[in-house]
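Chemist: Residue numbers (this note's numbering): 741 to 1181.
Even glycine gets a Cβ: it sits at the ideal position worked out from N, Cα and C.
Sharing a structure with you now.
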Amino acid sequence: MQAGLSTKNAPSPKVVLPYYAYGAVAFIAAAIMMFFADTDISSSYMTPKVLSIAHVLILGWITMVIFGALFQLIPVVMEVKLYSEKLAMGSFITLGLGTPLMAYSFWQNFIGPSHAMITGGSLVIISVLLFVTNVVGSAMKTENKTIENRFIATSVVWLLLTVLLGLSIVLFPQILESGSFLIHVHIGIIGWFMMLVVGVASTLMPMFFIAHQLNKKCLERAYWMINGGLILLVASMFLDLGNYARIAGGVIILLGFMMFFKYNFDAYKKRLRRNLDIGMKLSVLAFILFAITLIAGFISALGDIIPTEYITRINLIYGISLIYGFLSALILGQMYKTLPFIVWLKLYQDKVGKFKTPLPADMHSEEAAQAHYFFYIAAFALLIGGVWFQEAVIIKASAAFMLLTALLYGYNTYKILAHKQQLKPLVMPKMKPRPKPVIKK
741 MQAGLSTKNA
751 PSPKVVLPYY
761 AYGAVAFIAA
771 AIMMFFADTD
781 ISSSYMTPKV
791 LSIAHVLILG
801 WITMVIFGAL
811 FQLIPVVMEV
821 KLYSEKLAMG
831 SFITLGLGTP
841 LMAYSFWQNF
851 IGPSHAMITG
861 GSLVIISVLL
871 FVTNVVGSAM
881 KTENKTIENR
891 FIATSVVWLL
901 LTVLLGLSIV
911 LFPQILESGS
921 FLIHVHIGII
931 GWFMMLVVGV
941 ASTLMPMFFI
951 AHQLNKKCLE
961 RAYWMINGGL
971 ILLVASMFLD
981 LGNYARIAGG
991 VIILLGFMMF
1001 FKYNFDAYKK
1011 RLRRNLDIGM
1021 KLSVLAFILF
1031 AITLIAGFIS
1041 ALGDIIPTEY
1051 ITRINLIYGI
1061 SLIYGFLSAL
1071 ILGQMYKTLP
1081 FIVWLKLYQD
1091 KVGKFKTPLP
1101 ADMHSEEAAQ
1111 AHYFFYIAAF
1121 ALLIGGVWFQ
1131 EAVIIKASAA
1141 FMLLTALLYG
1151 YNTYKILAHK
1161 QQLKPLVMPK
1171 MKPRPKPVIK
1181 K
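So, in structure tokens, the structure goes:
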């Protein structure tokens, strides 16, 4: 959202900024909840408290920030006005209300059609429907038909399927026997989150790296491989086609993500910006953690081949490496590349050339950002170790480091959001007087 992309179609900051604020609070809440659910996390991914934390992270933290970032990004990359800013505010309100209701219901062990679960789930579905309407409405107006935009539009379809299936599982728990929970998880993780990340990252990463002349055939292949592999994987689970079909789907998806990884690695190699700031350090770290996600996801797809005592741990590591690993690290990093610029546009866009203005990078504490970078690495490593060795005390230590990460991230988010206009007189450089010409007599 800097050089190379026009911001004339960007929505009002009042639409976008609340999403970032809510996401920071949800991240802190998830870290606190994790501290009190250490025993549950070390045992299984199907306990009520683990499901509660997962939904706070997925809906309140990741989806909330992604919605806000997309409402800012879609008008920029699609070169159209957002279809409706009112729908965007409606998405925020309904998602913001529905998430804590669902989290509370899970935490209290209300696995089934409780009033809180039905109300919360319905609000989340309304939020998603408003979001889908906004994205599709914007996409229909654009003439910019790129592969990146196709990833974003397709991810929205998978998102709609994810929430509809999720609510069906709550209302009709008996369908869990058909493997619907695993389908819900995979279309949410791969279809919604990962398809969206591929589309957005393929737009932003080359821009922030300042990399040019990249081969987009890798993205075309990635699109068809990820979608085709996911359809095969879902069909194998729903129709019980056996491990071979499931493994084949997993391999095709893996190859698709390798194409995406190659595209971004090429951008990294061709980058003109050699020194990485904290935002890009976290983003590069996210792709390193993504390798763990791919490996764990592939092993998880093997199913019955893996001994039962290990498959539960691997499934947990798969989810953790994606939600607390890749996606969280990417959001932590891209916040520093997007939020300061949004606030800067709001306060200083019409002051350029008239006053001396601060840079977007001046709006946050670099010390806090560097600290939570290392706290985050420690938290993630401890969490993976705690799950693998099933040690609650290690998970509690991880939660402490994750809370420090969330608090420092929240501090920087608040610092950026609360930034006040700082204008200084524009001092023009003094011109040396021209020497008087010597006239010879």
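Cβ atoms of residue 969 and residue 993: under 8 Å apart, would you say?
Modeler: Position 253 of the sequence shown holds residue 993. Position 229 of the sequence shown holds residue 969. Cβ distance < 8 Å, so residue 993 and residue 969 count as in contact.
Chemist: Kindly list the residues whose CB is nearer than 6 Å to the CB of residue 838, restricted to its own chain and excluding five residues on each side of it in sequence; keep chain order.
Modeler: Here the question's residue 838 lines up with position 98 in the sequence shown. Hits under 6 Å: 860, 863 and 864.
Chemist: Select from 886, 954, 1065 and 1062 the residue whose C-alpha is nearest the C-alpha of residue 1009.
Modeler: Position 269 of the sequence shown, counted from the start, is the residue given in the question as residue 1009. Comparing Cα positions, the closest option is 954.
Chemist: Less than 8 Å between the beta carbons of residue 831 and residue 870, yes or no?
Modeler: Numbered from its first residue, the sequence shown carries residue 831 at position 91. Numbered from its first residue, the sequence shown carries residue 870 at position 130. Their beta carbons are under 8 Å apart, which means residue 831 touches residue 870 by this criterion.
Chemist: If you compare alpha carbons, which of 984, 1019 and 872 is closest to residue 945?
Modeler: Your numbering for residue 945 matches position 205 in the sequence shown. The residue with the shortest Cα to Cα distance from residue 945 is 1019.
Chemist: Could you tell me the alpha carbon to alpha carbon distance between residue 789 and residue 961, rounded to whole angstroms?
Modeler: Along the sequence shown, read from residue 1 onward, the residue named residue 789 stands at position 49. Along the sequence shown, read from residue 1 onward, the residue named residue 961 stands at position 221. Roughly 39 Å between the two C-alpha positions.
Chemist: Going by DSSP, which residues form a beta bridge with residue 1165?
Modeler: What you label residue 1165 is simply residue 425 of the sequence shown in a count that begins at 1. According to DSSP, residue 1165 bridges with 1095.
Chemist: Can you find at least 3 beta carbon pairs, one from the segment 1046-1064 and one from the segment 1030-1037, that sit closer than 8 Å?
Modeler: yes
Chemist: Would you kindly work out how many angstroms separate the C-alpha atoms of residue 1159 and residue 1021, rounded to a whole number?
Modeler: Residue 1159 sits at position 419 when you count from the first residue of the sequence shown. Residue 1021 sits at position 281 when you count from the first residue of the sequence shown. Approximately 24 Å, taken between the alpha carbons.
Chemist: Tell whether a beta-carbon distance below 8 Å holds between residue 935 and residue 902.
Modeler: By one-based count along the sequence shown, residue 935 stands at place 195. By one-based count along the sequence shown, residue 902 stands at place 162. No, the Cβ-Cβ distance between residue 935 and residue 902 is not below 8 Å.
Chemist: Relative to the C-alpha of residue 941, which residue among 897, 900 and 997 is closest?
Modeler: Against the sequence shown, residue 941 aligns to sequence position 201. When each option's Cα is compared against that of residue 941, the closest is 997.
Chemist: Any contact of the segment 1129-1145 with the segment 1092-1108, i.e. 3+ C-beta pairs under 8 Å?
Modeler: no
Chemist: Roughly how many whole angstroms lie between the Cα atoms of residue 938 and residue 810?
Modeler: The residue labelled residue 938 in the question sits at position 198 within the sequence shown. The residue labelled residue 810 in the question sits at position 70 within the sequence shown. Answer to the nearest angstrom: the Cα atoms are 13 Å apart.
Chemist: Do you know how far the Cα of residue 896 is from the Cα of residue 1085?
Modeler: The sequence position of residue 1085 within the sequence shown is 345, counting from 1. The sequence position of residue 896 within the sequence shown is 156, counting from 1. C-alpha separation (whole angstroms): 28 Å.
Chemist: Is the segment 870-885 touching the segment 808-826 in the sense that three or more CB pairs, one from each, lie closer than 8 Å?
Modeler: Three or more beta-carbon pairs separated by less than 8 Å link the segment 808-826 to the segment 870-885, which places the two stretches in contact.
Chemist: Using three-state DSSP, classify residue 1048 as helix, strand or coil.
Modeler: Counted from its first residue, the sequence shown places residue 1048 at position 308. Looking at residue 1048 - three-state DSSP - the assignment turns out to be helix.
Chemist: On the three-pair Cβ rule with 8 Å, is the segment 761-776 touching the segment 1076-1093?
Modeler: no
Chemist: List the whole-angstrom C-beta distance separating residue 1109 from residue 1076, where the pair is believed to meet the contact cut-off of C-beta under 8 Å.
Modeler: Looking up residue 1109 in the sequence shown gives position 369. Looking up residue 1076 in the sequence shown gives position 336. Distance from residue 1109 to residue 1076 at the Cβ level is roughly 7 Å; contact confirmed, criterion being Cβ atoms closer than 8 Å.
Chemist: Look at the alpha carbon of residue 926 and the alpha carbon of residue 920, and state the distance between them as a whole number of angstroms.
Modeler: Start at 1 with the first residue of the sequence shown, and residue 926 comes out as number 186. Start at 1 with the first residue of the sequence shown, and residue 920 comes out as number 180. Their backbone Cα atoms lie some 10 Å apart in a straight line.
Chemist: According to the Cβ coordinates, are residue 828 and residue 755 closer than 8 Å?
Modeler: For the purposes of this step, residue 828 is taken as residue 88 along the sequence shown, with counting starting at 1. For the purposes of this step, residue 755 is taken as residue 15 along the sequence shown, with counting starting at 1. Yes, these two residues count as a Cβ contact at 8 Å.
Chemist: Shortest alpha-carbon distance to residue 867 belongs to which of 833, 1028 and 886?
Modeler: By 1-based counting over the sequence shown, the position of residue 867 is 127. The candidate whose alpha carbon is nearest that of residue 867 is 833.
Chemist: Let me check understanding here. Comparing Cα to Cα, which of 1015, 794, 1052 and 1150 lies closest to residue 929?
Modeler: The residue labelled residue 929 in the question sits at position 189 within the sequence shown. Considering only alpha carbons, the answer is 794.
Chemist: Specify the secondary structure class of residue 748 as computed by DSSP and reduced to three states.
Modeler: Translated into positions along the sequence shown, residue 748 becomes position 8. In this structure, residue 748 counts as coil in the three-state DSSP scheme.
Chemist: State buried or exposed for residue 1166, treating a residue as buried only when at least 16 other CB atoms are found within 10 Å of its CB.
Modeler: Along the sequence shown, one-based indexing puts residue 1166 at 426. With fewer than 16 other beta carbons inside 10 angstroms of its own, residue 1166 counts as exposed.
Chemist: Beta-carbon separation of residue 1119 and residue 1141 under 8 Å?
Modeler: In the sequence shown, the residue the question calls residue 1119 occupies position 379. In the sequence shown, the residue the question calls residue 1141 occupies position 401. Yes, these two residues count as a Cβ contact at 8 Å.
Chemist: Does the beta-carbon of residue 791 have 16 or more other beta-carbons within 10 angstroms, so that it is buried, or is it exposed?
Modeler: Here residue 791 corresponds to residue number 51 of the sequence shown, with the count starting at 1. Flag for residue 791 reads buried.
Chemist: Which same chain residues, not among the five before or five after residue 905, have their C-beta less than 8 Å away from its C-beta?
Modeler: Looking up residue 905 in the sequence shown gives position 165. Closer than 8 Å at the Cβ level, and outside the excluded window around residue 905, lie 920, 923, 924 and 927.
Chemist: Please list, in chain order, all residues of the same chain as residue 1148 whose beta carbon is under 6 Å from its beta carbon, the five residues on each side excluded.
Modeler: As a first step, residue 1148 is located in the sequence shown; it is residue number 408 there, counting from the start. Counting only residues of its own chain and dropping the five nearest sequence neighbours on each side, residue 1148 has a CB closer than 6 Å to the CB of 1108, 1111 and 1112.
Chemist: Apply the 10 Å Cβ neighbour rule to residue 752 and answer buried if 16 or more other Cβ atoms are within range, or exposed otherwise.
Modeler: Residue 752 sits at position 12 when you count from the first residue of the sequence shown. By the C-beta density criterion, residue 752 is exposed, having fewer than 16 other C-beta atoms within 10 angstroms.
Chemist: For residue 771, collect the residues of the same chain with a Cβ closer than 7 Å to its Cβ; drop the 5 residues on either side in sequence, then sort them by chain order.
Modeler: The residue you call residue 771 lines up with position 31 of the sequence shown. So the list reads 1139, 1142, 1143 and 1146, once near-sequence residues are dropped.
Chemist: Comparing C-alpha positions only, which one of 1017, 1049, 1063 and 1016 sits nearest to residue 1037?
Modeler: Start at 1 with the first residue of the sequence shown, and residue 1037 comes out as number 297. Considering only alpha carbons, the answer is 1063.
Chemist: So, are the CB atoms of residue 1016 and residue 1024 less than 8 Å apart?
Modeler: As a first step, residue 1016 is located in the sequence shown; it is residue number 276 there, counting from the start. As a first step, residue 1024 is located in the sequence shown; it is residue number 284 there, counting from the start. Going by C-beta atoms, residue 1016 is nearer than 8 Å to residue 1024.
Chemist: Within 10 Å of its beta-carbon, does residue 1152 have 16 or more other beta-carbons around it, so buried, or fewer, so exposed?
Modeler: Looking up residue 1152 in the sequence shown gives position 412. Result: buried.
Chemist: Taking buried to mean at least 16 other C-beta atoms within 10 Å of its own C-beta, is residue 1092 buried or exposed?
Modeler: By 1-based counting over the sequence shown, the position of residue 1092 is 352. Result: exposed.
Chemist: Specify the secondary structure class of residue 894 as computed by DSSP and reduced to three states.
Modeler: Counting from one through the sequence shown, the residue named residue 894 turns up at place 154. In this structure, residue 894 counts as helix in the three-state DSSP scheme.
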